[in-house]
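**Student:** Here it is, the structure, as structure tokens.
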Amino acid sequence: MRPFDGRRVLLVVSGGIAAYKSAILARRLIEAGAAVEVILTESAERFVGRVTFEGITGGRVHTSLWNRPLAHLDLGREADVVVIAPATADLISKLATGAASDLATSTVLAAPGPVIVCPAMNTRMWEHPATRANAVRLLDFGYAIAGPADGPLAEGESGPGRLLEPEEIVPLIGRTLERATGLRGRAVVATAGPTRAALDPVRFVSNRSSGRMGFALAEAAWRRGGDVTLISGPSQVPRPAGPRLVEVETAGEMLAALESALTNADILLMAAAVGDFEPAVEAASKITKTGHGLEVTLRAGPDLLMETRDFRAENGIFTLGFALETDDLLSRGREKLERKGMQLVAVNSALEPDAGFESETNRITLIDRTGAAEELPLAKKTELADQLLDRIEASIEASIEAAAGS
Ligand code: CTP
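406 is the number that our numbering gives the last residue of the sequence shown; the numbers go up by one with no jumps.
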């Protein structure tokens, strides 16, 4: 999976309760395609045995300076990124002074590549001026510090000190591993999920969108270095950790959030399944049953792409839209691209199995402004997101070159 395939992650684990989460982190990284080497400090081994990490990584676990000559130089040099999780107050203090007293500290000292430090400790230890000063020093060295998160701690207290979850750390590593991409520094707005229109305080009209496609696009754009705002309707699917999240419920709220986010945007990824119809009247109290049916009048809701069309055109905002169709996929896709002012439209059939709403996979045909259609094979939404962003980056690149040449 991009960008982990064939990349080497050196995971340094120091001794804290959160060390068990690092075993899960190692597993997630391997699943994503990375090769993971692990260094356990002496105290880490008291929390999680090396056998656990050996089982997960296929045996690439190191604990001592003395088992292999120059291991501390090789491990750092071979790694594309060094991740320290959990990083205890003690290890952070050693790194801040340039200590090289064991395999972990000497390897980090000698590592030429990027270093991500994920602290985990008691809140008072994290907030102590000594740890603060040490953390600032690590930032001066160019290390990234991820977390700690605020929440319940193992000792029964609560506050900043928790190790970030593996699901949050993996995308951060991905963002670091991502090489030069055309999205770095670009402002990206992604929309995802359904909208709801209330019938009364307990009932609403909505659709089956899970939000997965929009979440995957937002996450991939963020990982590629974009400054991403994700506007999401209600969904049970976990949100990506990196992008700035704006949660909305109705189409009207999504429109307001979109208009505000678009003011300084470069790219719009419009994956939300905005409801087209809303009850003409929203009852203030719960509609009680009468033993008879209920007739409801639905009126048209706002079309977000139409509402923002002129603004996007005037400001050169590259727009990817979606089209969910049951018939005449290509001609309807081309018509929507034109009418709604998109640069690229991803058409999917509402009738195909393994595609569209509620599915983890999708089958997409891409149509650009020349009318050319490209069929992408059935793939996971996370993989499709990268394929779509590849096309968008290439297209933006080509228009920059065309502008420079003219
Ligand atoms: N869209 C929108 N506002 C709406 C409905 C859809 O901005 N009220 C956007 C979607 O996010 C998508 C594109 O328009 O990017 C096309 O959505 P689709 O549901 O296929 O088209 P509709 O305009 O709803 O047309 P129809 O349902 O008649 O096919």
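We put the CB at the ideal spot given by N, CA and C, even for glycine.
Please state if the CB of residue 91 and the CB of residue 57 are separated by a distance shorter than 8 Å.
**Tutor:** No, the pair does not count as a contact, with Cβ atoms beyond the cut-off.
**Student:** Would you mind reading off the limits of the alpha helix (DSSP H) that contains residue 215?
**Tutor:** 212-223
**Student:** Please say whether residue 224 and residue 181 have beta carbons closer to each other than 8 Å?
**Tutor:** yes
**Student:** Nearer than 7 Å: is that true of the beta carbon of residue 274 relative to any heavy atom of ligand 1?
**Tutor:** yes
**Student:** Measure the C-alpha to C-alpha separation of residue 186 and residue 52 and round it to an integer number of angstroms.
**Tutor:** One C-alpha to the other measures close to 41 Å.
**Student:** So which of 371, 103, 82, 111 has the shortest CA-CA distance to residue 117?
**Tutor:** Ranking the options by Cα distance to residue 117, first place goes to 82.
**Student:** Short check: CB of residue 25 to CB of residue 72, under 8 Å?
**Tutor:** no
**Student:** Please classify residue 32 as buried or exposed, where buried requires at least 16 neighbouring CB atoms within 10 angstroms.
**Tutor:** buried
**Student:** Going by the C-beta, is residue 340 closer than 7 Å to any heavy atom of ligand 1?
**Tutor:** yes
**Student:** So, at 6 Å on beta carbons, what are the nonlocal neighbours of residue 227 in its own chain, with the 5 sequence-adjacent residues on each side left out?
**Tutor:** 187
**Student:** Can you tell me where the beta strand (DSSP E) holding residue 267 begins and where it ends?
**Tutor:** 267-270
**Student:** Can you tell me the Cα-Cα spacing of residue 266 and residue 317, whole angstroms?
**Tutor:** 5 Å
**Student:** Sort 250, 274, 308 by Cα distance to residue 260 and report the nearest one.
**Tutor:** Among 250, 274, 308, the Cα nearest to that of residue 260 is on 308.
**Student:** For ligand 1, I want to know if residue 322 counts as a neighbour, meaning its beta carbon is within less than 7 Å of at least one of the ligand's heavy atoms.
**Tutor:** For residue 322, the Cβ falls inside the 7 Å cut-off from some heavy atom of ligand 1.
**Student:** Residue 301: beta carbon under 7 Å from a heavy atom of ligand 1?
**Tutor:** Correct: residue 301 has its Cβ closer than 7 Å to ligand 1.
**Student:** State the DSSP-derived secondary structure class of residue 386, mapped to helix, strand or coil.
**Tutor:** helix
**Student:** Rounding to the nearest angstrom, what Cα-Cα distance links residue 348 and residue 383 in this structure?
**Tutor:** Cα to Cα, residue 348 sits roughly 16 Å from residue 383.
**Student:** Looking only at its chain, what residues have a beta carbon closer than 8 Å to the beta carbon of residue 326, apart from the 5 residues adjacent to it on each side?
**Tutor:** 349, 350, 351
**Student:** Once you ignore the five residues that flank residue 84 on each side, which residues in its own chain have a CB closer than 6 Å to its CB?
**Tutor:** 12, 117
**Student:** Rounded to whole angstroms, what is the Cα-Cα separation between residue 143 and residue 100?
**Tutor:** If you draw a straight line from the Cα of residue 143 to the Cα of residue 100, it comes to about 17 Å.
**Student:** Just checking, does the stretch 294-301 make contact with the stretch 266-280 on the three C-beta pairs under 8 Å criterion?
**Tutor:** At 8 Å Cβ cutoff, the stretches touch.
**Student:** Helix, strand or coil for residue 250, going by three-state DSSP, please let me know.
**Tutor:** The answer is coil: DSSP assigns residue 250 none of H, G, I, E or B.
**Student:** So what does DSSP say about residue 105, is it helix, strand or coil?
**Tutor:** In the structure shown, residue 105 sits in a helix (DSSP, three-state: H, G or I).
**Student:** Buried or exposed: which applies to residue 306, given that a residue is buried once 16 or more other Cβ atoms fall within 10 Å of its Cβ?
**Tutor:** exposed
**Student:** Between residue 285 and residue 197, what straight-line distance do the alpha-carbon atoms span, to the nearest angstrom?
**Tutor:** 15 Å
**Student:** Return the first residue and the last residue of the beta strand (DSSP E) that residue 319 is part of.
**Tutor:** 318-325
**Student:** Please determine, among 294, 239, 315, the residue with the shortest C-alpha to C-alpha distance to residue 268.
**Tutor:** 315
**Student:** Between 354, 336, 22, which has its C-alpha nearest residue 87's C-alpha?
**Tutor:** 22
**Student:** Please state if the CB of residue 257 and the CB of residue 217 are separated by a distance shorter than 8 Å.
**Tutor:** no
**Student:** Would you tell me roughly how many angstroms separate the C-alpha atoms of residue 60 and residue 48, rounded to the nearest one?
**Tutor:** One alpha carbon belongs to residue 60, the other to residue 48, and they sit about 15 Å apart.
**Student:** Would you mind working out which of 107, 400, 79 sits nearest residue 66, comparing C-alpha positions?
**Tutor:** 107
**Student:** Which residues does DSSP pair with residue 375 in a beta bridge?
**Tutor:** 365
**Student:** Helix, strand or coil for residue 134? Go by DSSP, reduced to three states.
**Tutor:** helix
**Student:** Of all the options 172, 74, 30, 29, which has the alpha carbon lying nearest to the alpha carbon of residue 241?
**Tutor:** 172
**Student:** Using 8 Å as the threshold, is the C-beta distance between residue 95 and residue 153 below it?
**Tutor:** No, these two residues do not count as a Cβ contact at 8 Å.
**Student:** When DSSP builds the beta bridges, which residues end up paired with residue 229?
**Tutor:** 189, 244
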